[in-house]
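Have a look at the structure below before the remarks.
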Amino acid sequence: MKTLVIGIGNLLRSDDGVGHHVLNALRNEHISVNIELRECATGFDILNEIIGYESVVIIDAIRSGRETGTVYRFSPDELKVKPTLHTFSSHEADFLTMLELGKRLFPGKMPQEITIIAIEVGDVTTISEKCTPAVEKAIPEAVELIKGLLS
């Protein structure tokens with residue numbers, strides 16, 4: 030199965046870069062050669078990256094009001110009720126709209142299986158390449174969850 034793991038976010042906005050940090054931690058885990066790891070921004074960039082893969086794991090920040098550092102696993106259908114930081118933007122299509130657009134533009138080429146791993150974040154405004162301590166502690170948990178999905 031052709032699988033992509035994609036980390037989303039802005040590395041210069043503290044916790045917003047958590048997708049990239051999880052991806053970097055996964056690179057040290059010696060996962061299967063059939064699995065590709067890539068960083069990405071948001072919106073249409075994601076669409077271009079996921080075309081042609083059978084399975085995709087997306088790692089992103091989320092703000093739902095729960096405890097910072099909480100790790101979630103959900104499907105795109107569940108995304109309808111969980112607001113990620115990259116769901117809405119005045120410059121981009123939201124994630125669900127982008128997926129529907131991909132299905133219409135590229136029939137048969139969109140992933141059949143999409144899993145979203147999200148980490149509850151606290152600070153996304155401070156200019157820093159480091160996550161807050163609570164989010165930093167959640168990275169190993171997210172890595173283990175993803176490794177379980179990939180095995």
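Its first residue numbered 30, the sequence shown is counted upward by one per residue in the numbering used here. Ideal Cβ positions, reconstructed from N, Cα and C, are used throughout, including at glycine. No experiment lies behind these values; they were computed from the predicted model shown.
Comparing C-alpha positions only, which one of the options sits nearest to residue i?
i	options	result
Asp45	Ile175, Lys159, Ala171, Ile64	Lys159
Asn196	Leu128, Lys31, Val153	With the chain covering only 30 through 180, there is no way to say anything about residue 196.
Ala171	Asp152, Val153, Ala147	Ala147
Gly150	Ser180, Arg92, Glu65, Glu173	It is Val, not Gly, that sits at residue 150 in the sequence shown. Of the candidates Ser180, Arg92, Glu65, Glu173, the one whose C-alpha sits nearest the C-alpha of Val150 is Arg92.
Thr154	Gly36, Leu41, Leu178	Leu41
Tyr82	Phe135, Gly38, His49, Pro169	Phe135
Tyr101	Asp74, Ser180, Ile168	Ile168
Leu55	Pro105, Lys132, Ile87	Ile87
His49	His59, Val34, Glu68, Asn57	Glu68
Kindly indicate the opening and closing residues of the alpha helix (DSSP H) around residue i.
i	result
Thr126	124-134
Ile156	That residue, Ile156, is in no alpha helix (DSSP H); it is neither H nor E in DSSP.
Gly137	Looking at the DSSP string, Gly137 is not in any alpha helix (DSSP H), and its letter there is neither H nor E.
Lys166	162-179
For residue i, list the residues DSSP reports as bridge partners.
i	result
Pro147	Rather than Pro, the amino acid found at residue 147 in this sequence is Ala. According to DSSP, Ala147 bridges with Asp89, Tyr101.
query: What are the complete beta strand (DSSP E) segments, minimum 3 residues, inside the region 33-119?
result: 64-69, 84-91, 100-103
message: Does the structure place the region 133-141 close enough to the region 90-110 that three or more beta carbon pairs sit under 8 Å?
response: no
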